[in-house]
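Protein chains in written order, with our numbering: chain R, 1 to 273; chain A, 1001 to 1306. Here is the structure we will look at.
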């Protein structure tokens, strides 16, 4: 199993798209740090991006701000890309049939591909936080925070913030599990990587749109992205909230159902590509 | 050492439906013995590639079974470790080098690349330093040769090749043909599909002919070509021999060629023609079948149409 996983990672590490994707996760936090340093945001009643403002007082909040805006779009795309590309790109190259005429076992191949896609998604999430942390500390220093702020209090020690960053990173990564699982499922059904990536990203967009329709009532609580942003409460003074627990648990049925369908389908699939 | 009792390749009642009433392969049965080089022939859409895909576990048969070395094929069956395959085009991970592609292919199944006889396989591919270049820079011929090399990794007992000389120039095609003959010489079993009848005729000992998913004929090349066609007679008096043979029933045409005659037969046995000539005091030096596989193939398909 490890040799199969290793060969999958060899393929991933040699792909230009992997470097581009991970490069972006490094570049954007650095650009953000430079931009904030050059042009610090002011705190006004219109200021919605409070974490960016706090980041000018302690570099430890730059990863919080980066994670917040990157998780709204770019990380979703990257996670959908790694998962959606996993099987469909191999089918698109025509190399999937070469892999499947080896005595590998389709289930094992699928597990190796899922593991490598998950690892890349995790690396992308961690890179955002880590790069922003390094850039933040360089530009704005390593401090705790003690700021009065309208509607929220920011009173946390440096190590408290670091602890919360760790929890947030894991939560955001896990919160994208449904996106990854749906992309991966579609990846086993199509030769078109774009289609598979779009499926996961489409789930995220549709879920966000439906979540904005309050008339849907309690149905919204079952949408995979309903609790996605609840991790930010960690930095407003509260500990892990019940919403975070609900958000984490909510991913499980989406992941289980999508991966079960992927497993069932791929093991029986007639490989024509 | 005696060969194992089960055939190297066995197809029994193989059927494949693709929904909406499309039957690509219909109750197909044939056997390929150990050490045979068997050509799978048929016009486009005959079901050759579908048959080969079922044989290596890429497709699940609707009915029947495909067996390699006595093992009924299922997806990713362990018996595939003893087979080398190239189905349709030779495709690779485009941004990996040829060498890295071979390595990934081999090691994915847990094998040690050092045990893959890679030097021997690469000698076939003859890519030189290009084997370290990314595959996306390769020509179609280079990919095809790398594909054959990939199929040869680990010295498989069985080779299943779909149009192996597709995209190759005449020199490369000849190299592949010679390679297949060498492989058969060392005991490997080869099943290859091709639409190049001359290629099959030069390489294969046996052929299976398919049309519209069904078996049309199977046997040795000689058996198939002997069923119909033309015969060359080397005689001492071609003019007299032509007069005699033209008058015989079952003889369609008699055409001079060199010091002899080419006789096209509708029916009748060659031995009867020889006896008639000898009886008429015409010496017969040579009797050779001049049937080409192409004639036999087209004749078989035409017979099926009727």
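Backbone N, C-alpha and C fix where the C-beta goes; we use that ideal spot for every residue, glycine too.
Status (buried if at least 16 other CB within 10 Å, exposed otherwise) for residue i
i: residue 1 of chain R; result: exposed
i: residue 1307 of chain A; result: As displayed, chain A neither begins before 1001 nor continues past 1306, which places residue 1307 of chain A out of reach and without an answer.
i: residue 85 of chain R; result: buried
i: residue 227 of chain R; result: buried
i: residue 19 of chain R; result: exposed
i: residue 117 of chain R; result: buried
i: residue 235 of chain R; result: buried
i: residue 168 of chain R; result: buried
i: residue 73 of chain R; result: exposed
i: residue 242 of chain R; result: exposed
i: residue 1185 of chain A; result: exposed
i: residue 1158 of chain A; result: buried
i: residue 1163 of chain A; result: buried
i: residue 1188 of chain A; result: buried
i: residue 1098 of chain A; result: buried
i: residue 1266 of chain A; result: exposed
i: residue 260 of chain R; result: exposed
Proximal chain A residues relative to residue i, where beta-carbon distance stays under 8 Å
i: residue 9 of chain R; result: Those do not exist, as residue 9 of chain R stays about 10 Å from chain A at its closest Cβ, beyond 8 Å.
i: residue 278 of chain R; result: The question about residue 278 of chain R has no answer here: the residues shown for chain R are numbered 1 through 273.
i: residue 60 of chain R; result: Result: empty, since nearest Cβ-Cβ is about 38 Å, beyond 8 Å.
Straight-line Cα distance separating residue j from residue i
i: residue 1014 of chain A; j: residue 1025 of chain A; result: 7 Å
i: residue 1234 of chain A; j: residue 1221 of chain A; result: 23 Å
i: residue 1090 of chain A; j: residue 1167 of chain A; result: 10 Å
i: residue 1249 of chain A; j: residue 1273 of chain A; result: 10 Å
i: residue 98 of chain R; j: residue 1005 of chain A; result: 29 Å
i: residue 1294 of chain A; j: residue 1207 of chain A; result: 12 Å
i: residue 8 of chain R; j: residue 113 of chain R; result: 6 Å
i: residue 1047 of chain A; j: residue 1087 of chain A; result: 13 Å
i: residue 1076 of chain A; j: residue 187 of chain R; result: 19 Å
i: residue 3 of chain R; j: residue 176 of chain R; result: 27 Å
i: residue 1246 of chain A; j: residue 1238 of chain A; result: 12 Å
i: residue 272 of chain R; j: residue 1244 of chain A; result: 58 Å
i: residue 1240 of chain A; j: residue 1264 of chain A; result: 17 Å
i: residue 1123 of chain A; j: residue 1270 of chain A; result: 46 Å
i: residue 143 of chain R; j: residue 64 of chain R; result: 14 Å
i: residue 1254 of chain A; j: residue 1127 of chain A; result: 50 Å
i: residue 23 of chain R; j: residue 55 of chain R; result: 22 Å
i: residue 1280 of chain A; j: residue 1236 of chain A; result: 12 Å
i: residue 1161 of chain A; j: residue 83 of chain R; result: 32 Å
i: residue 1027 of chain A; j: residue 1034 of chain A; result: 23 Å
i: residue 30 of chain R; j: residue 42 of chain R; result: 20 Å
i: residue 1031 of chain A; j: residue 1177 of chain A; result: 22 Å
i: residue 13 of chain R; j: residue 129 of chain R; result: 21 Å
i: residue 237 of chain R; j: residue 216 of chain R; result: 30 Å
Closest by C-alpha distance to residue i, when choosing among the options
i: residue 60 of chain R; options: R:253, R:179, R:131; result: R:131
i: residue 1059 of chain A; options: R:66, R:30, R:100; result: R:100
i: residue 1155 of chain A; options: A:1248, A:1084, A:1133, A:1252; result: A:1084
i: residue 28 of chain R; options: R:57, R:68, R:8; result: R:68
i: residue 1257 of chain A; options: A:1269, A:1288, A:1270; result: A:1288
i: residue 35 of chain R; options: R:209, R:210, R:62, R:240; result: R:62
i: residue 1196 of chain A; options: A:1039, A:1019, A:1011; result: A:1039
i: residue 233 of chain R; options: R:194, R:263, R:224, R:155; result: R:155
i: residue 202 of chain R; options: R:77, R:54, R:102; result: R:77
i: residue 162 of chain R; options: R:222, R:137, R:266; result: R:137
i: residue 1147 of chain A; options: A:1130, A:1137, A:1129, A:1125; result: A:1125
i: residue 1259 of chain A; options: A:1284, A:1214, A:1023; result: A:1284
i: residue 1009 of chain A; options: A:1143, A:1021, A:1192, A:1211; result: A:1192
i: residue 181 of chain R; options: R:90, R:197, R:166; result: R:197
i: residue 266 of chain R; options: R:16, R:75, R:107; result: R:107
i: residue 1213 of chain A; options: A:1133, A:1134, A:1012, A:1016; result: A:1016
Contacts of residue i in chain R (Cβ-Cβ under 8 Å)
i: residue 1007 of chain A; result: Here the premise fails: no neighbours, minimum Cβ distance about 20 Å.
i: residue 1089 of chain A; result: 94
i: residue 1104 of chain A; result: 7, 10, 11
i: residue 1080 of chain A; result: 101, 102, 103
Contact set between residue i and chain R, taken where Cβ atoms lie within less than 7 Å
i: residue 1095 of chain A; result: 14, 15, 16
i: residue 1085 of chain A; result: 101
Contacts of residue i in chain R (Cβ-Cβ under 9 Å)
i: residue 1077 of chain A; result: 103
i: residue 1072 of chain A; result: Ordered by position in chain R, no residue passes the 9 Å Cβ test against residue 1072 of chain A, which lies about 15 Å from the chain.
i: residue 1157 of chain A; result: Near residue 1157 of chain A there are no residues of chain R at all, since even the closest Cβ is about 14 Å away, more than 9 Å.
i: residue 1092 of chain A; result: 93, 94, 95, 98
Contact set between residue i and chain A, taken where Cβ atoms lie within less than 9 Å
i: residue 4 of chain R; result: 1107, 1108, 1109, 1110
i: residue 268 of chain R; result: 1060, 1075
field: the segment 82-105 of chain R: positions lying closer than 7 Å to chain A by Cβ
entry: 93, 94, 95, 97, 98, 99, 100, 101, 102, 103, 104, 105
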